[in-house]
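Here the structure is laid out as structure tokens; the discussion comes afterwards.
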Amino acid sequence: MDGETAARARGIALQNALEHGKTSAGIIVSKLLGEVPALRSRAGEIAPEAARIASEVNAMTPSAVRAELESAHADRLAAPRARDERG
């Protein structure tokens, strides 16, 4: 995984951990491939790195997650998406 992709994956992991209390490799890979469809052919290469990133982020305290997200991935701190209100 190149540096740009790893940074994007870490941002996804931090955002997910902040919103849900933890993250997982599956979530990271799914969101990453959703954001950058060209990476789909490299999903097998990305998955082990995503697992490592998830493990690192899950070991962080919530305040450390927020601090890193604010400093390195502030674009991912946007207001939460509104849930669909349709019945």
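To convert a position in the sequence shown, counted from 1, into our numbering, add 65.
Glycine included, each C-beta is placed from N, C-alpha and C at the ideal position.
Distance from the Cα of V130 is smallest, within the candidate group G91, I92, R75 and E100, for R75. In the structure shown, the three-state DSSP call for V101 is coil. One Cα belongs to T126, the other to A116, and the distance between them is close to 18 Å. Per DSSP, reduced to three states, the secondary structure at K96 is helical. The continuous alpha helix (DSSP H) containing R117 extends over residues A108 to N123.
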